[in-house]
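For reference, the structure is listed below as structure tokens.
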Amino acid sequence: MTNVVRSIDGLAYRAKEYGAQTQTAAGNIESGFVAESSVMRDILKQVRQIAEFDIPVLLLGESGTGKGIVANMIHELSGRSAERFMKINCAALPSELLESELFGYEAGAFTGAIKAKAGKFEACHRGTIFLDEIAEMPIGLQAKLLHVLQDGEFSRLGSHTPTHVDVRVIAATNTTISQAIAAGTFRRDLYYRLNVYTICLPPLRERREDIPSLLGHFIDYWSGQIDRPPLPVSNMLLAACMEYAWPGNIRELENFVRRYLIIGDESQALRQLQQDVTVYSAGPVPVAPPVESAPPSRPGDLKQEVRRLKEGAEKTAITRALAMTGGNRTEAARILHISVRALQYKIRNFGVESAGFRGKPAPVEQIGASFGQHI
0 MTNVVRSIDG LAYRAKEYGA QTQTAAGNIE SGFVAESSVM RDILKQVRQI
50 AEFDIPVLLL GESGTGKGIV ANMIHELSGR SAERFMKINC AALPSELLES
100 ELFGYEAGAF TGAIKAKAGK FEACHRGTIF LDEIAEMPIG LQAKLLHVLQ
150 DGEFSRLGSH TPTHVDVRVI AATNTTISQA IAAGTFRRDL YYRLNVYTIC
200 LPPLRERRED IPSLLGHFID YWSGQIDRPP LPVSNMLLAA CMEYAWPGNI
250 RELENFVRRY LIIGDESQAL RQLQQDVTVY SAGPVPVAPP VESAPPSRPG
300 DLKQEVRRLK EGAEKTAITR ALAMTGGNRT EAARILHISV RALQYKIRNF
350 GVESAGFRGK PAPVEQIGAS FGQHI
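For what it's worth, numbering that gives the first Met the number 0 labels the leading residue of the sequence shown as 0, then goes sequentially.
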């Protein structure tokens, strides 16, 4: 881990201190992946298993969950890694332009088509094409994509001559495909062609164990990009980040870190985070529920809110440390960098039952197997 990650007083560092081993892959292919949580380790396992098989892959998940990173990793771990990887956002272009971008056109195919141009599928021959927001592709164009998946050929705009290509297709969407099929905006047969293997990426609020390492990576990366010194992450800031629901997922966390580095003031960063909580609480976006043992905080009462968040994060860290050590309070205190007496006080205060953890310690890798970058 980087020095920045070491400065984070959080679970990822605790696990490393206890003896978790950082895993790497040949060529550093997987350096873009953080897998502290069990759900992300399972996804990494799936990616390794299916990357070498030349099959379509469908990636599902909310916006900002890292579908593009996973798509790129599948390509890099495949036999096509020496060839091109190209991404197309199907929602970013109108129907006519999207078709010409994907499949190319002949001279005179439409006004302004002075000379022929190859599309992304031709340019990506023997490589991998990543179709993001696939559910936004116009229904008419979906038929042409289906033909490529079935027969490996298509015709440029303005041509009837088939062009043969060998391209692996990875598609992604944040839309519920079944609803799109029911609404008649997505072809059922195309879904069956794409759905050879599906990977569902969880929102950040369901993989909170990854937050400390993601924070460390983003601080390390963006401090270099904007030429600012890395800033420390205090218990208070980490607690707030661990409890916030992050409706914008990893992308929102990354933007928060960039803002923190620019303003260079933790209290101001916390105020901004509290404003985000207030904004999202007013809408349908889910926000992390309050800790049951703490009273709800009044709007705008930042100190009370931060105290509640910190207590929730402390309780979570204590519970996991006890699980790691099989209920051994001395070892748990060492991991948490506090005295045994302080740990005993917090156990009583938070109502944590350490006896339930006695026995065989939980495997360390369940808590601390990290990969140095992010998704």
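Where a beta carbon is used, it is the ideal one built from N, C-alpha and C, also for glycine.
Span of the alpha helix (DSSP H) around residue i
i      : result
Ser37  : 37-49
Leu200 : It is not in any alpha helix (DSSP H) - Leu200 carries neither H nor E in the DSSP assignment.
Thr329 : 328-335
Met72  : 66-75
Val339 : 339-349
Leu189 : 187-193
Ala179 : 176-181
Buried versus exposed, by CB contacts within 10 Å (16 or more), residue i
i      : result
Phe52  : exposed
Gly126 : buried
Asp300 : The predicted position of Asp300 is uncertain, since its pLDDT is 49 and thus under 50; a value taken from the coordinates is nonetheless stated next. Under this definition Asp300 is an exposed residue.
Gly350 : exposed
Arg297 : Confidence at Arg297 is low in this model, with a pLDDT of 46, below 50, so its placement is unreliable and no value can be given for it.
Arg207 : buried
His74  : buried
Gln343 : exposed
Cys240 : buried
Glu135 : buried
Gln274 : exposed
His336 : exposed
Asp131 : buried
Leu58  : buried
Best match in the options for proximity to residue i [C-alpha to C-alpha]
i      : options                       : result
Glu310 : Leu237, Met323, Glu121        : Leu237
His146 : His163, Ala134, Ser158        : His163
Leu193 : Glu265, Leu76, Ile169, Leu213 : Ile169
Tyr196 : Glu330, Ala50, Met39, Arg250  : Ala50
Glu205 : Glu242, Arg79, Leu140         : Glu242
Met85  : Ser99, Pro55, Ala122          : Ala122
Asn248 : Ser62, Ile54, Lys44           : Ser62
Ala115 : Pro161, His124, Ser99         : Ser99
Gly111 : Leu144, Leu96, His124         : Leu96
Residue i: first and last residue of the uninterrupted beta strand (DSSP E) it sits in
i      : result
Asp131 : 127-131
Reduced DSSP category for residue i - H, G, I as helix; E, B as strand; rest coil
i      : result
Pro161 : strand
Leu102 : For the sequence presented, residue 102 should be read as Phe rather than Leu. Helix at Phe102.
Phe376 : Because the chain spans 0 through 374 in this model, residue 376 falls outside it and cannot be assessed.
Tyr220 : helix
Leu230 : coil
Tyr259 : helix
Gln22  : The predicted position of Gln22 is uncertain, since its pLDDT is 34 and thus under 50; no value can be drawn from it.
Leu120 : The residue you asked about is not Leu; residue 120 is Phe in the sequence shown. The answer is helix: DSSP assigns Phe120 an H, G or I state.
Met241 : helix
Ile317 : helix
Leu252 : helix
Ala322 : helix
Met85  : strand
Proximity of residue i and residue j at Cβ, strictly below 8 Å
i      : j      : result
Ile210 : Leu260 : no
Leu92  : Gly118 : no
Ser222 : Glu265 : no
Met39  : Val33  : yes
Leu213 : Ile42  : no
Ser158 : Glu105 : yes
Val339 : Arg328 : yes
Any non-hydrogen atom of the ligand NAP closer than 7 Å to residue i Cβ
i      : result
Val256 : No copy of the ligand NAP occurs in the structure displayed, which carries no ligand at all.
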